[in-house]
C-alpha cells in the first residue's frame, strides 16, 4: 500500500496533528484533527436563529452547531474517499465527539487498508 497517497490525502483535506495508532504493510489506523475556520463557525451560528437563543435553547444551540460541523466533515470525507477505491484502498472513519464549546476542531480516527479490513475503530478512542 502506498502510504504517501494517504498522507497526501490527509494534508489536502486539512486533517492535522496525525498520530499513527497502528500500522502494518496492509493497513494503517490514524487519529487526526480537522480544524474549522472562523467563517464556517460564524455561518453556522448565524444559521441558527439568534431570536431563539437564550438559556432555554442553549443545549439545542450547541447540538445544532455540533451536528452542522459533523455534517461538513462527513461530506468532505465521503466526497474524497472515492479516489481511494480506485487505488484499491478501503477507508473507514469514526468522528470523535466535539468536547470544546469553541467548536474549532473535530477529532477523527481513520483506517486505510488494502481490501476490506474488519476493525472496530472505537477501540482506538
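Residue numbers (the numbering used here): 1 to 125. Built from N, CA and C at the ideal position, the CB exists for glycine as well.
For this session: Note down, in chain order, each residue of its chain lying with its Cβ closer than 6 Å to the Cβ of residue 65, except the 5 sequence neighbours on either side.
Result: 44, 103
Exercise. So, helix, strand or coil for residue 87, using DSSP?
Worked result: coil
Exercise. Under a three-way DSSP split, which group does residue 61 fall into?
Worked result: helix
For this session: Return the CA-CA distance between residue 71 and residue 123, expressed in angstroms with no decimal places.
Result: 23 Å
Problem set entry | Nearest neighbour of residue 17, chosen from 107, 117, 111 [CA to CA] | 107
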